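Step one of this worksheet: look at the structure below.
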Amino acid sequence: MKVFINKRIPETGIKMLEEAGLEILFPEKENLSYEEWMSYCKNADTLLNVGGDFRYDKNFFDACPNIKAIALYSVGFDHVDIKEATQRNIPIGNTPDVLSRATSDVAFLLMQAVARRASYNFQKVKEDNWGTFDPLHALGQELYGKTLGIFGLGRIGYEMAEKSKKAFGMNIIYHNRHSNKEAEKELDATYVSFDELIHKSDVLSVHANFTPEHKELFNESIFEQMKQNAIFINTARGGFHNQKDLYQALVDKKIWGAGLDVTNPEPMSADDPILGLSSVCILPHIGSATVEARNGMARLAAGNIIAFSKNEKMTNCANPDVYSDHSS
Ligand code: DGY
């Protein structure tokens, strides 16, 4: 069985695939064009996909009828038409859990970086503009006892809430599809409506799975209703926020600051005026970028391909319905 891997992943995953006797196709160069990527996909049986550059949709599946399974090197699967894949019985593997700590660490880091205007102050040092002790300049805000609102309390949201509770005694509120009993018991978290979430949060951190209904959910009208001291954090997907509206809300001081590990568009332009604001910290989608998380992702993704090659269920599958059809 041929597996196409579009970018190098940690060796631990490659080794697993080799030991399982699978034939691995690697691209001859980095940054493939759509056409180049397609020609590799047409020649493979399964894909281990890194990144979200190209979409797996009807057009893709029509053009690559040999593809029987895809193991994503990500927890997110917003670049896959899950319904289409399920109809075609193509399992889509993903990599949850192993990156929850690393990604929530980045949300926690951004929250503090924004609260203390770390990016702005670091920039001043780099520009040889240390300045003098000024009792009024670039003051931050403290997070102790403030309210953290989590939009999407799954594994990553839970970890962010737990760290914030332990470090700053933050009061946790959340909005989610289902209530999270563990968070309510362990973190004293309170389920609130979306409306309450945006009105009550001092820090609002996005951790939900991105679906088309969420497109630019956080826009002008939402920022307008948030607290003036609020910090908006997005480490999930850039599509959750309208970046021009976010910029305007920051300029108009509707909200206090923003920390983004994901942007809209992504990658964003270095000319985006939001980068000139002292109230933001922006990172280039590094949530899972630790040795530990990336090795874990490699093992899960490789494990999913190997399971498929043995006619077994993928351990982590975004469309488990493909299996219920077979077992019935
Ligand atoms: C994920 O795993 O979904 C991360 O955002 C990396 O794409």
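Heads up: the sequence shown begins at 1317 in this note's numbering, then just goes up one per residue.
Beta carbons: idealized from backbone N, C-alpha and C, even for Gly.
Computed from a prediction, not measured in an experiment: that's the story for all the values here.
Following the DSSP letters along the chain, one finds T1419 inside the alpha helix (DSSP H) bounded by residues S1416 to A1431. With a minimum length of 3 residues, the unbroken runs of beta strand (DSSP E) contained wholly in the stretch 1469–1510 fall at 1487–1491. When secondary structure is reduced to three states using DSSP, T1362 falls in the strand class. S1390 has its Cβ nearer than 7 Å to a heavy atom of the ligand DGY. For L1415, the shortest separation between its Cβ and any heavy atom of the ligand DGY lies below 7 Å. Nearest neighbour of N1359 by Cα position, chosen from V1366, D1373, P1343 and F1370, turns out to be P1343. Looking from the CA of I1489, the closest CA among F1539, E1498 and L1464 belongs to L1464. In this structure, T1527 has its beta carbon at no less than 7 Å from each heavy atom of the ligand DGY. Following the DSSP letters along the chain, one finds F1539 inside the alpha helix (DSSP H) bounded by residues E1536 to Q1541.
Relative to the ligand DGY, the nearest heavy atom lies less than 7 Å away from the CB of S1604. Counting along the chain, V1391 sits inside no alpha helix (DSSP H), nor does DSSP assign it H or E at all. K1384 and N1405 have their alpha carbons spaced roughly 8 Å apart.
DSSP lists L1364 and G1409 as the bridge partner or partners of A1387. Apart from sequence neighbours up to five positions away, the residues of its chain that approach K1479 with a beta-carbon distance below 7 Å are S1420 and F1424, ordered along the chain. Scanning the stretch 1548–1576 for uninterrupted beta strand (DSSP E) segments of 3 residues or longer gives 1573–1576, listed from N- to C-terminal end. Put simply, of N1487, L1426 and A1401 the residue whose alpha carbon is nearest the alpha carbon of P1381 is A1401. Per DSSP, G1465 is one residue of the beta strand (DSSP E) stretching across T1463 to F1467.
Secondary-structure assignment with DSSP links S1521 through a beta bridge to I1466 and I1549. Rounded to the nearest whole angstrom, the C-alpha separation of A1431 and E1475 is 19 Å. No Cβ-Cβ contact shorter than 8 Å links V1578 with G1612. Residue range V1607 to S1625 is occupied by the alpha helix (DSSP H) that includes V1607.
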